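Peer 1: Take this structure, written in structure tokens, and hold onto it; I'll ask about it next.
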Amino acid sequence: MLEKKTIEYEKAVLIGIINREQNEEKVTEYLDELEFLTYTAGGEVIKRFVQKVDVPNPKTLIGSGKMEEVERFVEENEIGSVIFDDELSPAQQRNIEKQLRCKIIDRTSLILDIFAQRAQTSYARTQVELAQYEYLLPRLTGLWTHLERQKGGIGMRGPGETEIETDRRIVRDRITLLKKKLEKIDRQMETQRGNRGSLVRVALVGYTNVGKSTLMNVISKSEVFAENKLFATLDTTVRKVVLGNLPFLLSDTVGFIRKLPTQLVESFKSTLDEVREADLLLHIVDISHPQFEEHIHSVNEILTDIKSSEKKTIMVFNKIDQYTNEVIAEDDLMTEKTSRHFTIEEWKRTWMEKVGDRALFISALNKENLDEFRKRVYQEVRDIHVTRFPYNNFLYPENLDEYQ
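Residue numbers are given in the UniProt record's numbering: position 101 of the sequence shown equals residue 101, and the series is strictly consecutive.
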């Protein structure tokens, strides 16, 4: 008889700060995302603490009064982890740990933890391990406070290194080794990409959990792992897709997120090479998310960082089946109409109008408007292919309908 397996989530509290850069509304939204990250990592959020801080406390980030409030709550409710939305300095992490006597995690280390859980291939694991060691290096002092004094006694005098220095050296050596290993794999991946011949390359990019893998499965009829959690995809998947009689390569890449740790962008260089070397980008957006415009901005920032912002791009607004807008009652004369009240048709008349036919509205899950999506992608891929090989012009009809 099979035993019923119950998943135990670790109790956690979240801490965010309101300052000049982020107002209360933005902090609430960031903490919503942090809560989803916590759930993805295997935690259950019991409470949120928010404090308005003009100048962050260099010792504990938040003020001493708020720290005491958090300390009482942690003790009374047996909280396992306290998660900060902002990155903590090694000293701050050490001071807070000393006072709260529980695990202290910031947004960066939480994302690294999720990446470590999700890494399936040896390549992804190596990338995550490198990012974790680079994050860990400046924080070693806090982990090894009992080893800070130099060893003394017979045979130990004279030049030597403290235990903490030994650990730092071991970590630095490991980082060097992992970088060499990644360089070797990068060369292999480059060769693989080179072996794909002259097929047009299309890459799916977008914020995490917008439905890239679901769309990949629908178009390529493959079984890429897709789940309603953040960072379900970590390894790039490349599939050959044929629309009409036109073949091209479609790659599903790792999702982006706000405040993506720089260590990860660096470690996932080769994964992001799929984006750099693509001929066409399909920027997938979850239109049902209240902050989808900010998500677009975050993705565009990372595309600029990896020098891919000038590439030919089609905006694909996914999850139209889940989109809902707030409604103002007819007799309500006080409420001001904002973007939250827009229907999809009204959205199309905003800045999206400038995008023109480079914006598509679909539902990958319910397969809504996929014919229009296929036709648009076919036209773009055909244009790129015919520009590259003008003598192949007659092989592929101008419209997908003509082939069918």
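No residue lacks a Cβ here, since even glycine has one placed at the ideal position from N, Cα and C.
Just so you know, these numbers come straight off a predicted model, no measurement behind them.
So residue 213 packs on residue 252, CB below 8 Å; how close in whole Å?
Peer 2: By one-based count along the sequence shown, residue 213 stands at place 213. By one-based count along the sequence shown, residue 252 stands at place 252. Contact flag correct, Cβ pair sits at about 6 Å.
Peer 1: Give me the DSSP bridge partner(s) of residue 201.
Peer 2: Working through the sequence shown from its first residue, we reach residue 201 at position 201. In DSSP, residue 201 forms a bridge with 249.
Peer 1: Quick check: the Cα distance between residue 4 and residue 137, rounded to an integer number of angstroms?
Peer 2: Within the sequence shown, the letter at position 4 stands for residue 4. Within the sequence shown, the letter at position 137 stands for residue 137. A caution first: residue 4 carries a pLDDT of 43, below 50, which makes its placement in the model unreliable, though a value can still be read off. About 41 Å.
Peer 1: Quick one: give me the first and last residue of the alpha helix (DSSP H) that residue 96 is part of.
Peer 2: Translated into positions along the sequence shown, residue 96 becomes position 96. Start and end: 90-100.
Peer 1: Suppose contacts are defined by Cβ-Cβ distances below 8 Å. Is residue 208 in contact with residue 110 by that definition?
Peer 2: Locating residue 208 in the sequence shown gives position 208, where the first residue counts as 1. Locating residue 110 in the sequence shown gives position 110, where the first residue counts as 1. No, the Cβ-Cβ distance between residue 208 and residue 110 is not below 8 Å.
Peer 1: With three or more beta-carbon pairs closer than 8 Å as the criterion, would you say the stretch 68-85 touches the stretch 96-104?
Peer 2: Yes: at least three Cβ pairs fall under 8 Å.
Peer 1: Assign residue 342 to one of three DSSP states: helix, strand, or coil.
Peer 2: Within the sequence shown, the letter at position 342 stands for residue 342. The answer is coil: DSSP assigns residue 342 none of H, G, I, E or B.
Peer 1: Does the beta-carbon distance from residue 127 to residue 182 come in below 8 Å?
Peer 2: Position 127 of the sequence shown, counted from the first residue, corresponds to residue 127. Position 182 of the sequence shown, counted from the first residue, corresponds to residue 182. It is a contact, given that the beta carbons lie within the stated cut-off.
Peer 1: Return the bridge partner residues of residue 44 from the DSSP annotation.
Peer 2: The sequence position of residue 44 within the sequence shown is 44, counting from 1. Per DSSP, 11.
Peer 1: Does the structure place the stretch 309-320 close enough to the stretch 276-289 that three or more beta carbon pairs sit under 8 Å?
Peer 2: Yes, since at least three Cβ pairs between the stretch 276-289 and the stretch 309-320 fall closer than 8 Å, the two stretches touch.
Peer 1: Along the chain, where does the beta strand (DSSP E) that runs through residue 104 open and close?
Peer 2: Along the sequence shown, one-based indexing puts residue 104 at 104. Element bounds for residue 104: 103-106.
Peer 1: With distances taken Cα to Cα, identify the nearest neighbour of residue 124 among 304, 272 and 249.
Peer 2: Position 124 of the sequence shown holds residue 124. Comparing Cα-Cα distances from residue 124 to each of 304, 272 and 249, the minimum goes to 272.
Peer 1: Taking its Cβ as the centre, do 16 or more other Cβ atoms sit within 10 Å of residue 176, making it buried, or is it exposed?
Peer 2: Here residue 176 refers to the residue found at position 176 of the sequence shown. Exposed, since its Cβ has fewer than 16 Cβ neighbours within 10 Å.
Peer 1: For the candidate residues 292, 248 and 166, whose alpha-carbon lies nearest to that of residue 206?
Peer 2: Translated into the one-based positions of the sequence shown, residue 206 becomes position 206. Nearest option by C-alpha distance: 292.
Peer 1: Considering only the beta carbon of each residue, do residue 135 and residue 178 sit closer than 8 Å?
Peer 2: For this step, residue 135 is matched to residue 135 along the sequence shown. For this step, residue 178 is matched to residue 178 along the sequence shown. Contact: no.
Peer 1: With residue 280 and residue 378 assumed to form a contact (beta carbons below 8 Å), what rounded beta-carbon distance in angstroms separates them?
Peer 2: Looking up residue 280 in the sequence shown gives position 280. Looking up residue 378 in the sequence shown gives position 378. About 11 Å; that fails the 8 Å criterion.
Peer 1: Measuring only the C-alpha atoms, how far is residue 386 from residue 13?
Peer 2: For this step, residue 386 is matched to residue 386 along the sequence shown. For this step, residue 13 is matched to residue 13 along the sequence shown. Distance between the alpha carbons of residue 386 and residue 13 is about 56 Å.
Peer 1: To the nearest angstrom, report how far apart residue 394 and residue 382 are at their CA atoms.
Peer 2: Mapped onto the sequence shown, residue 394 falls at position 394. Mapped onto the sequence shown, residue 382 falls at position 382. When rounded, the distance between both Cα atoms is 11 Å.
Peer 1: Do you know whose CA, among 59, 352, 66 and 58, lies nearest residue 52's CA?
Peer 2: Locating residue 52 in the sequence shown gives position 52, where the first residue counts as 1. Comparing Cα-Cα distances from residue 52 to each of 59, 352, 66 and 58, the minimum goes to 66.
Peer 1: Since residue 10 and residue 42 should fall inside the 8 Å C-beta cutoff, what is the C-beta to C-beta distance between them, to a whole number of angstroms?
Peer 2: The count along the sequence shown starts at 1 and reaches residue 10 at position 10. The count along the sequence shown starts at 1 and reaches residue 42 at position 42. Indeed, because the Cβ distance is near 6 Å, the residues count as touching under 8 Å.
Peer 1: What are the complete beta strand (DSSP E) segments, minimum 3 residues, inside the stretch 271-340?
Peer 2: Listed in chain order, the complete beta strand (DSSP E) runs (minimum 3 residues) inside the stretch 271-340 are 280-286 and 313-318.
Peer 1: Shortest alpha-carbon distance to residue 89 belongs to which of 74, 399 and 62?
Peer 2: In the sequence shown, residue 89 corresponds to position 89, counting from 1. Among 74, 399 and 62, the Cα nearest to that of residue 89 is on 62.
Peer 1: For the alpha helix (DSSP H) containing residue 384, list its first residue and its last residue.
Peer 2: Taking the first residue of the sequence shown as position 1, residue 384 is located at position 384. Taken as a continuous stretch (DSSP letters only), the alpha helix (DSSP H) holding residue 384 covers 370-388.
Peer 1: Going by DSSP, which residues form a beta bridge with residue 240?
Peer 2: By 1-based counting over the sequence shown, the position of residue 240 is 240. DSSP output for residue 240 lists 249 as bridge partner(s).
Peer 1: Any idea if residue 373 is buried or exposed, counting beta-carbon neighbours within 10 angstroms, 16 or more meaning buried?
Peer 2: Within the sequence shown, residue 373 is the residue found at index 373, counting from 1. Label assigned to residue 373: buried.
Peer 1: Quick check: what's the CA-CA separation for residue 220 versus residue 237?
Peer 2: One-based indexing of the sequence shown puts residue 220 at position 220. One-based indexing of the sequence shown puts residue 237 at position 237. Whole-angstrom Cα-Cα distance: 11 Å.
Peer 1: Is it right to say residue 389 is buried, meaning 16 or more other beta carbons lie within 10 angstroms of its own, or is it exposed?
Peer 2: If you number the sequence shown from 1, residue 389 lands on position 389. Exposed is the call here.
Peer 1: Which first and last residues belong to the beta strand (DSSP E) in which residue 359 is found?
Peer 2: By 1-based counting over the sequence shown, the position of residue 359 is 359. Segment 359-361, the beta strand (DSSP E) holding residue 359.
Peer 1: Can you tell me which of the three DSSP states residue 22 falls into?
Peer 2: Start at 1 with the first residue of the sequence shown, and residue 22 comes out as number 22. Residue state, collapsed to three classes: coil.
Peer 1: Can you give me the start and stop residues for the beta strand (DSSP E) that residue 83 sits inside?
Peer 2: As a position in the sequence shown, residue 83 is number 83, starting the count at 1. Taken as a continuous stretch (DSSP letters only), the beta strand (DSSP E) holding residue 83 covers 81-84.
Peer 1: Mark residue 210 as exposed unless 16 or more other C-beta atoms lie within 10 angstroms of its C-beta, in which case mark it buried.
Peer 2: One-based indexing of the sequence shown puts residue 210 at position 210. By the neighbour-count rule (16 or more Cβ atoms within 10 Å), residue 210 is buried.
Peer 1: Nearest by alpha-carbon distance to residue 352: which of 396, 296 and 202 is it?
Peer 2: Against the sequence shown, residue 352 aligns to sequence position 352. Nearest C-alpha to residue 352: 296.
Peer 1: Please name the residue or residues paired with residue 61 in a DSSP beta bridge.
Peer 2: One-based indexing of the sequence shown puts residue 61 at position 61. Answer by DSSP bridge pairing, in chain order: 57.
Peer 1: Determine the contact status of residue 367 and residue 242, defining contact as a CB-CB distance below 8 Å.
Peer 2: Along the sequence shown, one-based indexing puts residue 367 at 367. Along the sequence shown, one-based indexing puts residue 242 at 242. Not a contact, by the Cβ cut-off of 8 Å.
Peer 1: What's the call for residue 405, buried or exposed, on a 16-neighbour Cβ count within 10 Å?
Peer 2: Absent from the structure is residue 405, since the part of the chain shown begins at 1 and ends at 404.
Peer 1: Could you tell me the alpha carbon to alpha carbon distance between residue 278 and residue 365, rounded to whole angstroms?
Peer 2: Position 278 of the sequence shown holds residue 278. Position 365 of the sequence shown holds residue 365. Approximately 25 Å, taken between the alpha carbons.
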